[in-house]
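Written out below as structure tokens is the structure these notes cover.
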Amino acid sequence: MSEDNSRVWLITGASQGLGRALLDAVLAANERAVATLRKPEVLAEYKNKYPASQLLILHLDVTSIEQIDTAFAKVKEHFGRLDVVVNNAGYALVAEIENTPEDEGRHCFETCFWGPFHICQRAIPFMRDVNPAGVGGRILNISTCGGYSAVPTLSVYNGAKFALEGLTESLRKEMDPSWNITATIIEPGGFRTEWGGKSLKVMPVHPKYADPNSPCAVFRKMTFDGSMKPIGDPQKAARTLVKIAGLADVPLRLQLGTECMVIVAGKAKETLANVEKYADIAHSTNSDGVDKDAVLSMFAMYVAKSE
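What the sequence shown shows, in the working numbering, is residues 489 to 795, in sequence order.
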């Protein structure tokens with residue numbers, strides 16, 4: 489077990505893309521990392537470059553609870569603490585809903601939702617009970633702007649990220665302040681990584697959606713034919729995550745990339761406008777005798793306290 493008191497990061501999906509960039513940023517900051525991935529040999533050069541006291545490379549398929557348990561046991565044995573967990577492993581399944589094989593959809597959910605779920609389950613008691621008292625920890629769950637505003641052909645992936653965002657929000661609200669554990673949803677836009685290549689599983693186009701002017705065909709072409717270049721720099725995003733993980737005040741949701749900020753803001757504005765437009769319908773379903781103004785006041789205070 490290392491006697492170093494620098495932060496220890498656990499990063500899933502560290503083989504490429506944002507996960508690999510984050511691993512580099514953490515090591516460059518002279519912090520310690522547990523890099524998990526399905527093919528550890530991808531990081532063979534790192535074993536020669538960094539000492540075991542700074543880097544632990546572990547085989548981990550996040551769909552395996554047994555492997556997750558083994559990974560946490562090895563983190564405890566090797567470093568004796570865990571300060572930041574980044575649930576980054578995942579991939580996108582591209583298919584129209586009626587053309588999505590159930591087994592493919594379930595596997596995407598296992599990777600993008602249930603994997604982070606099981607890791608969070610183990611990270612919380614580790615940060616509370618294994619770390620020195622009061623140290624706590626930070627959980628960064630990597631979502632996407634599609635986890636807030638869905639798009640055609642990514643229904644399962646978007647659904648898994650919507651679920652991950654709900655999980656993260658509940659987790660954040662469940663934590664006792666004395667534990668000093670918090671969680672943040674990271675919503676990246678398009679980044680220059682393998683997300684649009686190796687990290688995609690693309691199903692054939694359903695013939696009923698083959699019209700080039702259909703929403704699905706337009707989105708597939710715009711996103712996957714290379715005509716819309718990602719604007720995000722994964723190295724800059726990684727350095728940003730290293731910084732925000734050390735801040736005392738981090739929001740529930742954090743967007744990375746200008747286009748993601750615009751997409752999320754637009755959806756939030758649309759949602760609020762619809763709430764206000766159809767408020768009379770919502771109020772009309774209250775039981776007789778209910779004072780809607782009193783209810784509005786009571787729940788406004790509850791929402792404020794839970795934020």
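C-beta: ideal position from N, C-alpha, C; glycine also.
Which partner residues does Gln-743 have in the DSSP bridge list? When DSSP reads this structure, Gln-743 sits in a beta bridge with Glu-675.
So if DSSP puts Val-573 in a beta bridge, which residue, or which two residues, is it bridged to? Within the DSSP bridge table, the entry for Val-573 names Leu-498 and Ile-627 as partners.
Can you look up Lys-689 in the DSSP assignment and give me helix, strand or coil? Here Lys-689 sits in strand by DSSP.
Just to confirm before moving on: does the CB-CB distance between Ile-674 and Ile-719 stay below 7 Å? At least 7 Å separates the beta-carbon of Ile-674 from that of Ile-719.
Ignore the nearest five residues each way along the sequence and tell me which others in His-771's own chain have a CB closer than 8 Å to its CB. Hits under 8 Å: Lys-780.
Count the other C-beta atoms from every protein chain shown that fall within 10 angstroms of the C-beta of Thr-759, then say buried if there are 16 or more, exposed otherwise. The residue is exposed, with fewer than 16 neighbouring Cβ atoms inside 10 Å.
Leu-729: first and last residue of the uninterrupted alpha helix (DSSP H) it sits in: Where Leu-729 is concerned, the enclosing alpha helix (DSSP H) stretches over 722-732.
Are the CB atoms of Thr-500 and Val-582 within a distance shorter than 7 Å? Val-582 places its beta carbon 7 Å or farther from that of Thr-500.
Could you check what DSSP says for Val-639 in three-state terms: helix, strand or coil? Looking at Val-639 - three-state DSSP - the assignment turns out to be coil, as it is neither helix nor strand.
Less than 7 Å between the C-beta atoms of Tyr-579 and Val-752, yes or no? Taking 7 Å as the Cβ cut-off, Tyr-579 and Val-752 do not qualify as a contacting pair.
Can you give the beta carbon distance from Arg-520 to Ser-503, rounded, assuming they're within the 8 Å contact cut? In fact, because the Cβ distance is near 19 Å, the residues do not count as touching under 8 Å.
Proximity to Leu-655 [Cα-Cα], best of Val-644, Asp-664, Ala-671 and Ser-666: Ranked by Cα distance from Leu-655, the options Val-644, Asp-664, Ala-671 and Ser-666 are led by Ala-671.
On a Cα-Cα basis, can you pick out the residue from Gln-723, Leu-742, Tyr-766 and Asp-737 that is closest to Ala-516? Taking the Cα of Ala-516 as reference, the smallest distance to any Cα among Gln-723, Leu-742, Tyr-766 and Asp-737 is reached at Gln-723.
Strictly by DSSP, which residues pair up with Ile-669? Its beta-bridge partners are Gly-625.
Taking the alpha-carbon of Lys-649 as reference, which of Thr-599, Ala-705, Leu-548 and Met-691 has the nearest alpha-carbon? If we check each option's Cα against that of Lys-649, Thr-599 comes out closest.
Proximity of Ala-725 and Leu-744 at Cβ, strictly below 7 Å: The beta carbons of Ala-725 and Leu-744 sit closer together than 7 Å.
Whether or not the region 725-738 and the region 507-515 are in contact is what I'm after, with contact meaning three or more pairs of Cβ atoms, one per stretch, closer than 8 Å; do they touch? Yes, they touch.
Are the CB atoms of Asn-576 and Ile-607 within a distance shorter than 7 Å? No; because the gap between Cβ atoms is not below 7 Å, this pair is not in contact.
Can you tell me whether Arg-626 is buried or exposed, with buried defined as 16 or more other CB within 10 angstroms of its CB? Classification of Arg-626: buried, given that the 10 Å Cβ count is 16 or more.
Taking only the alpha-carbon atoms, compute the straight-line gap between Ala-559 and Ile-612 and give it to the nearest angstrom. Cα-Cα distance, rounded: 15 Å.
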